[in-house]
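Peer 1:
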Amino acid sequence: MSAAPPTAFRLADVARAVGGTVVGDGEALVSGIASLDRATLADLTFLASSKYSALLLDSKAGGVLVSPELADSPGRCRNRVVVQKPHEAMLALLPRFYRMPSRPFVGVHPSAVVDPTARVDAESCIEALCVVGAGAVVAKGAWIGPHCVLGAGVTVGADSWLVSQVTLYPGTEVGARVVLHAGVRIGSDGFGFVYTEGAHRKVPHVGRCLIGDDVEIGANSTIDRGSIDATEIGAGTKIDNLVHIGHNVRVGQLCLFAAGVAIAGSARIGDGVMLAGQVGVAGHITIGSRAIITAQSGVLKSVPAGETWGGFPSRAHRATLQGYAAVNKLPDLIKRLERLLSRDPTA
Amino acid sequence: MSAAPPTAFRLADVARAVGGTVVGDGEALVSGIASLDRATLADLTFLASSKYSALLLDSKAGGVLVSPELADSPGRCRNRVVVQKPHEAMLALLPRFYRMPSRPFVGVHPSAVVDPTARVDAESCIEALCVVGAGAVVAKGAWIGPHCVLGAGVTVGADSWLVSQVTLYPGTEVGARVVLHAGVRIGSDGFGFVYTEGAHRKVPHVGRCLIGDDVEIGANSTIDRGSIDATEIGAGTKIDNLVHIGHNVRVGQLCLFAAGVAIAGSARIGDGVMLAGQVGVAGHITIGSRAIITAQSGVLKSVPAGETWGGFPSRAHRATLQGYAAVNKLPDLIKRLERLLSRDPTA
Amino acid sequence: MSAAPPTAFRLADVARAVGGTVVGDGEALVSGIASLDRATLADLTFLASSKYSALLLDSKAGGVLVSPELADSPGRCRNRVVVQKPHEAMLALLPRFYRMPSRPFVGVHPSAVVDPTARVDAESCIEALCVVGAGAVVAKGAWIGPHCVLGAGVTVGADSWLVSQVTLYPGTEVGARVVLHAGVRIGSDGFGFVYTEGAHRKVPHVGRCLIGDDVEIGANSTIDRGSIDATEIGAGTKIDNLVHIGHNVRVGQLCLFAAGVAIAGSARIGDGVMLAGQVGVAGHITIGSRAIITAQSGVLKSVPAGETWGGFPSRAHRATLQGYAAVNKLPDLIKRLERLLSRDPTA
Numbered sequence: 001m002s003a004a005p006p007t008a009f010r011l012a013d014v015a016r017a018v019g020g021t022v023v024g025d026g027e028a029l030v031s032g033i034a035s036l037d038r039a040t041l042a043d044l045t046f047l048a049s050s051k052y053s054a055l056l057l058d059s060k061a062g063g064v065l066v067s068p069e070l071a072d073s074p075g076r077c078r079n080r081v082v083v084q085k086p087h088e089a090m091l092a093l094l095p096r097f098y099r100m101p102s103r104p105f106v107g108v109h110p111s112a113v114v115d116p117t118a119r120v121d122a123e124s125c126i127e128a129l130c131v132v133g134a135g136a137v138v139a140k141g142a143w144i145g146p147h148c149v150l151g152a153g154v155t156v157g158a159d160s161w162l163v164s165q166v167t168l169y170p171g172t173e174v175g176a177r178v179v180l181h182a183g184v185r186i187g188s189d190g191f192g193f194v195y196t197e198g199a200h201r202k203v204p205h206v207g208r209c210l211i212g213d214d215v216e217i218g219a220n221s222t223i224d225r226g227s228i229d230a231t232e233i234g235a236g237t238k239i240d241n242l243v244h245i246g247h248n249v250r251v252g253q254l255c256l257f258a259a260g261v262a263i264a265g266s267a268r269i270g271d272g273v274m275l276a277g278q279v280g281v282a283g284h285i286t287i288g289s290r291a292i293i294t295a296q297s298g299v300l301k302s303v304p305a306g307e308t309w310g311g312f313p314s315r316a317h318r319a320t321l322q323g324y325a326a327v328n329k330l331p332d333l334i335k336r337l338e339r340l341l342s343r344d345p346t347a
Numbered sequence: 001m002s003a004a005p006p007t008a009f010r011l012a013d014v015a016r017a018v019g020g021t022v023v024g025d026g027e028a029l030v031s032g033i034a035s036l037d038r039a040t041l042a043d044l045t046f047l048a049s050s051k052y053s054a055l056l057l058d059s060k061a062g063g064v065l066v067s068p069e070l071a072d073s074p075g076r077c078r079n080r081v082v083v084q085k086p087h088e089a090m091l092a093l094l095p096r097f098y099r100m101p102s103r104p105f106v107g108v109h110p111s112a113v114v115d116p117t118a119r120v121d122a123e124s125c126i127e128a129l130c131v132v133g134a135g136a137v138v139a140k141g142a143w144i145g146p147h148c149v150l151g152a153g154v155t156v157g158a159d160s161w162l163v164s165q166v167t168l169y170p171g172t173e174v175g176a177r178v179v180l181h182a183g184v185r186i187g188s189d190g191f192g193f194v195y196t197e198g199a200h201r202k203v204p205h206v207g208r209c210l211i212g213d214d215v216e217i218g219a220n221s222t223i224d225r226g227s228i229d230a231t232e233i234g235a236g237t238k239i240d241n242l243v244h245i246g247h248n249v250r251v252g253q254l255c256l257f258a259a260g261v262a263i264a265g266s267a268r269i270g271d272g273v274m275l276a277g278q279v280g281v282a283g284h285i286t287i288g289s290r291a292i293i294t295a296q297s298g299v300l301k302s303v304p305a306g307e308t309w310g311g312f313p314s315r316a317h318r319a320t321l322q323g324y325a326a327v328n329k330l331p332d333l334i335k336r337l338e339r340l341l342s343r344d345p346t347a
Numbered sequence: 001m002s003a004a005p006p007t008a009f010r011l012a013d014v015a016r017a018v019g020g021t022v023v024g025d026g027e028a029l030v031s032g033i034a035s036l037d038r039a040t041l042a043d044l045t046f047l048a049s050s051k052y053s054a055l056l057l058d059s060k061a062g063g064v065l066v067s068p069e070l071a072d073s074p075g076r077c078r079n080r081v082v083v084q085k086p087h088e089a090m091l092a093l094l095p096r097f098y099r100m101p102s103r104p105f106v107g108v109h110p111s112a113v114v115d116p117t118a119r120v121d122a123e124s125c126i127e128a129l130c131v132v133g134a135g136a137v138v139a140k141g142a143w144i145g146p147h148c149v150l151g152a153g154v155t156v157g158a159d160s161w162l163v164s165q166v167t168l169y170p171g172t173e174v175g176a177r178v179v180l181h182a183g184v185r186i187g188s189d190g191f192g193f194v195y196t197e198g199a200h201r202k203v204p205h206v207g208r209c210l211i212g213d214d215v216e217i218g219a220n221s222t223i224d225r226g227s228i229d230a231t232e233i234g235a236g237t238k239i240d241n242l243v244h245i246g247h248n249v250r251v252g253q254l255c256l257f258a259a260g261v262a263i264a265g266s267a268r269i270g271d272g273v274m275l276a277g278q279v280g281v282a283g284h285i286t287i288g289s290r291a292i293i294t295a296q297s298g299v300l301k302s303v304p305a306g307e308t309w310g311g312f313p314s315r316a317h318r319a320t321l322q323g324y325a326a327v328n329k330l331p332d333l334i335k336r337l338e339r340l341l342s343r344d345p346t347a
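Residue numbers (my numbering), protein chains in the order written: chain F, 1 to 347; chain C, 1 to 347; chain B, 1 to 347.
(1) Within the stretch 130–195 of chain B, note down every full beta strand (DSSP E) run reaching 3 residues or more, in order along the chain.
(2) Answer with buried or exposed for C/Pro95, where buried requires no fewer than 16 other C-beta atoms within 10 angstroms of its C-beta.
(3) Flag B/Phe9 as yes if its beta-carbon sits less than 9 Å from any beta-carbon of chain C, otherwise no.
(4) For C/Glu216, go through chain F and note every residue whose CB falls closer than 9 Å to its CB, in chain order.
(5) Just verifying my parser: in three-state terms, what is the DSSP assignment at C/Val18?
(6) What is the rounded straight-line gap between the Cα of F/Leu162 and the Cα of F/Gly218?
(7) Quick one: Cα of F/Val299 to Cα of C/Gly323, how far?
(8) Output yes or no for whether 9 Å exceeds the beta carbon distance between C/His317 and B/Asn241.
(9) Name the one or two DSSP bridge partners that F/Ala199 has.
(10) Secondary structure at B/Met100, three-state DSSP: helix, strand or coil?
(11) Three Cβ pairs or more, each shorter than 8 Å: is that satisfied between the stretch 99–113 of chain B and the stretch 81–95 of chain C?
(12) As a quick exercise: from B/Val22, B/Val184, B/Cys209, pick the residue whose alpha carbon is nearest that of C/Ser221.
(13) Rounded to whole angstroms, what is the Cα-Cα separation between F/Ala4 and B/Thr155?
(14) Going straight from the alpha carbon of B/Leu47 to that of B/Val14, what length do you get?
(15) How is C/Glu69 classed by DSSP in three states: helix, strand or coil?
(16) May I ask whether a heavy atom of the ligand ADP can be found less than 8 Å away from the beta carbon of C/Gly234?
(17) Kindly indicate the opening and closing residues of the beta strand (DSSP E) around F/Ile211.
(18) Taking the C-alpha atoms as reference points, what is the distance between C/Ile211 and F/Tyr195?
(19) Can you list, in chain order, the residues of its chain whose CB lies under 6 Å from that of C/Gly20, leaving out five sequence neighbours each side?
(20) Contact defined as beta carbons within less than 8 Å: I believe C/Leu256 pairs with F/His200. What is the distance between those atoms, to the nearest angstrom?
(21) Per the DSSP calculation, C/Val81 is bridged to which residue(s)?
(22) Is there a Cβ from chain F that is less than 9 Å from the Cβ of C/Asp224?
(23) Give the residues of chain C in contact with B/Ser160, contact being defined as C-beta atoms less than 9 Å apart.
(24) Would you kindly work out how many angstroms separate the C-alpha atoms of C/Ser2 and F/Thr117, rounded to a whole number?
(25) Going along chain F, which residues have a C-beta under 7 Å from B/Leu129?
(26) Just checking: is the beta-carbon of F/Ile228 within a distance shorter than 9 Å of some beta-carbon in chain C?
This is the structure in structure tokens:
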């Protein structure tokens with residue numbers, strides 16, 4: 001993530017690293033990776049699809065990763081590395097060109113406030129101005145970025161990374177290799193009130209939040225604790241920015257939730273479910289495994305496993321699309337229909 | 001909220017506490033509360049409705065709170081406490097089984113940065129790494145969690161709780177017994193610009209934000225200050241996570257706003273209004289007291305008191321539902337209609 | 001933004017400051033500005049439009065800014081300052097009546113943690129408990145409020161203001177005169193994963209985030225870094241609270257994005273584009289310059305420059321409105337149509 005790449009690579013070495021072959025000058029040096037329209041002579045770029053061939057024409061790149069069928073695409077840059085899957089090759093090369101984020105040191109920064117009863121592994125990193133509560137456990141290799149707050153009894157698993165200004169409410173359990181981006185809040189009280197004697201009285205929230213291994217959660221997302229049971233996010237699930245997950249929700253493994261999604265309390269989400277941007281899910285319903293919900297949909301009833309639903313209220317995607325198409329035809333149709341009906345006095 | 005409940009209770013004592021009667025072994029001990037499917041022999045559970053009777057069959061709980069008509073429901077656990085309202089009884093028992101969140105100490109943590117002109121009550125708690133600005137006032141019993149920032153001239157009322165990493169912009173007034181969850185921002189500048197001479201020029205925001213008594217605001221929600229007048233949240237109103245309230249908005253008492261709601265500037269919201277998840281409210285309109293707006297609706301014009309509205313653009317819920325139903329019928333109808341029209345050359 | 005205005009002004013002086021003329025008592029003193037219904041005898045108020053004349057009747061203000069045609073509007077307050085544009089005059093007066101936010105001091109607060117390799121201009125301000133990483137650059141006049149985290153290699157331009165608890169991920173570049181409100185996160189990893197061997201594997205994000213001059217971003221909004229290229233926000237663009245902007249998005253100059261907007265990865269937004277509240281924009285599409293998207297719309301395909309679009313899926317605003325109107329007519333029409341069809345056995 002550092003701005004300055006460490007060194008330069010010969011195209012011949014790039015080709016060897018990704019199992020490709022050089023067309024042109026294998027001695028050409030590149031020291032960064034950039035898109036077709038932004039690359040300079042010092043950059044490697046890639047042409048992943050013929051859709052972008054036009055951008056190759058004028059690209060100033062020093063080298064281009066191309067697939068075999070695009071090896072001869074016209075373009076200013078004649079130094080090419082031919083490889084089966086240029087996009088995948090580029091992803092594989094990134095860690096060679098750029099330094100990935102890593103712990104700046106091992107140990108506890110002197111400005112951090114760590115309760116004496118917390119158990120912080122000697123090979124973890126607690127950055128500046130963190131607060132670690134009583135009985136909290138931070139495992140080996142964990143990296144707690146600046147300004148994080150770990151409440152009492154929290155556990156953070158091995159090699160997890162809390163980027164910055166993350167709040168873990170008391171009792172939260174975070175698994176191994178989890179990434180929590182800046183401003184994530186986990187374990188806040190659920191939105192539960194009972195109206196009695198002229199006031200909304202708060203339902204105590206004594207449940208917790210359990211975040212499985214390999215989960216990633218985007219900036220400023222919020223996950224409420226359970227009222228009695230735990231709110232759970234299954235292993236390998238990835239959640240984008242500004243997502244809300246209500247109390248008692250159980251999310252399965254390997255789900256993908258895009259930005260702006262909101263899931264109401266006690267919903268059950270299976271494994272491998274994909275929720276597109278700004279989707280809302282009502283409380284107490286179930287979304288079956290591998291279901292897909294299209295963008296901005298509002299899901300009010302349970303969705304069977306494997307189906308694609310959309311719209312508001314959501315139903316099978318195909319039906320929703322037909323509904324949209326029909327609405328588009330409607331204004332014109334209504335005109336014709338009204339003319340017709342006007343001639344039939346009995347209608 | 002602590003993970004470890006303090007002690008165990010006899011079912012006979014549980015029954016006495018909630019005015020119920022024991023069926024089975026009153027000497028059985030329980031030390032926690034859990035849902036039917038998760039309870040162990042050490043847990044008390046509850047059967048709130050016959051809808052969940054199936055879950056009782058195999059529940060491993062050590063005791064069950066049940067209503068009189070379900071006292072004999074079949075189930076592995078025969079130790080029961082019969083009570084009129086099992087769910088309410090369970091809520092009343094929670095504070096006996098679990099330690100509720102409370103101030104960890106009284107006074108100011110040495111790492112906090114408190115302006116010498118701030119007036120902090122001796123019986124309040126300012127946790128680690130807080131910043132308290134000039135002239136700020138923190139009342140008796142208030143609990144300011146770690147990493148909160150209280151701007152100049154802020155006031156926080158008695159027994160209020162700012163959980164963690166809350167920002168109160170200068171001049172914000174927070175009432176008594178208020179709960180502000182992690183990442184709440186109150187008093188940020190409203191979104192007001194005037195386009196002149198080729199730029200969006202900022203409208204100064206000199207109004208403030210007034211938060212009434214007994215308000216609760218969820219994690220990462222934001223409330224803008226007024227441009228001239230104050231933005232106000234009435235007493236007893238509860239706001240969920242990731243909610244946005246624009247400048248100059250006046251919200252009445254005892255409202256409930258679910259997660260993802262956004263209210264544009266200068267809207268007026270009456271008392272007891274319910275906004276479901278992801279609802280949007282346009283600027284300068286009025287939502288009458290006790291109105292209900294259904295999930296994901298976009299409210300573009302004022303809503304009379306007591307009505308239920310929904311959809312986009314929102315109108316009376318009944319009309320919206322009829323519209324949805326009609327759209328569902330539409331594709332088929334259009335086919336039949338087109339056939340009909342095709343036979344009438346004048347239509 | 002301070003609660004107490006510094007001093008009082010004679011209405012005659014107010015009139016001189018805005019090029020207006022006094023009707024009534026030019027010696028009357030006012031020391032604050034308030035709306036018609038809230039003003040006291042110590043306040044100046046304004047009547048911007050005849051729409052609000054009724055509120056003038058009972059206003060207790062000590063003076064009123066009015067336009068020439070409303071100079072004689074009936075109302076309790078007879079001391080008036082007549083001016084061509086009362087609202088603009090009021091905005092111009094605000095900085096005379098109220099102290100605008102400004103740096104509380106110059107230098108670095110002793111509680112801040114600043115890397116020795118960071119270059120912090122002697123005339124900037126780093127408030128309490130900030131963290132400034134290796135190689136970061138803070139320019140002259142910049143004001144970094146309490147609890148901000150500036151990652152390694154970040155640059156903050158002249159006279160920019162990070163209000164509080166802002167996170168700038170490593171490598172982020174912020175221009176001059178930028179305002180970032182509390183809880184803004186810039187440069188978080190984009191939501192990019194490749195599913196291989198039973199897991200969603202993270203796509204490295206080595207691009208950065210570039211924020212142009214004069215940009216303002218609202219509380220708790222998030223902007224992801226680019227995967228390879230930069231995510232860019234053009235000069236003079238203003239973004240409201242709780243907005244999400246995905247990786248690789250390029251936003252032009254002078255745009256306005258209201259609260260709750262979400263823009264998916266690699267979208268291109270032209271200059272002067274207006275996105276109303278809660279709009280969603282799909283990835284990889286283009287919204288042409290000066291286009292306007294109405295509230296809560298979902299934009300799934302590219303929008304030509306200068307057009308107004310709305311609805312889901314979005315299309316030209318006019319067509320969308322016709323669709324809504326048609327749906328409203330539909331339930332009744334369907335009844336009549338079904339009657340008609342029922343009499344035609346062939347339809």
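Glycine is no exception: its CB is placed at the ideal position from the N, C-alpha and C atoms.
Peer 2: Put simply:
(1) Runs of beta strand (DSSP E) with 3 or more residues, each lying fully within the stretch 130–195 of chain B, are found at 185–188, listed in chain order.
(2) exposed
(3) no
(4) Within chain F, the residues near C/Glu216 are Asp189, Phe191, Phe193, His200, Lys202.
(5) helix
(6) 11 Å
(7) 18 Å
(8) no
(9) F/Thr196
(10) coil
(11) Touching, no.
(12) Answer by Cα proximity: B/Val184.
(13) In this predicted model, F/Ala4 has a pLDDT of only 45, less than 50, meaning its place in the structure is not dependable enough to derive any value.
(14) Each residue's alpha carbon lies about 15 Å from the other.
(15) Looking at C/Glu69 - three-state DSSP - the assignment turns out to be helix.
(16) Absent from the structure shown: the ligand ADP. Ligands present: none.
(17) 209–211
(18) 20 Å
(19) Val81, Val82, Val83
(20) 7 Å
(21) C/Val22, C/Leu65
(22) With its beta carbon at least 9 Å from every one in chain F, C/Asp224 lies outside the interface.
(23) Simply none; closest approach about 14 Å.
(24) Low confidence applies to C/Ser2: its pLDDT is 42, below 50, so where it sits in the model is not reliable, and the reading given next is rough at best. For C/Ser2 and F/Thr117, the distance between alpha carbons rounds to 15 Å.
(25) In chain order, Leu129 make up the part of chain F whose C-beta sits under 7 Å from the C-beta of B/Leu129.
(26) yes
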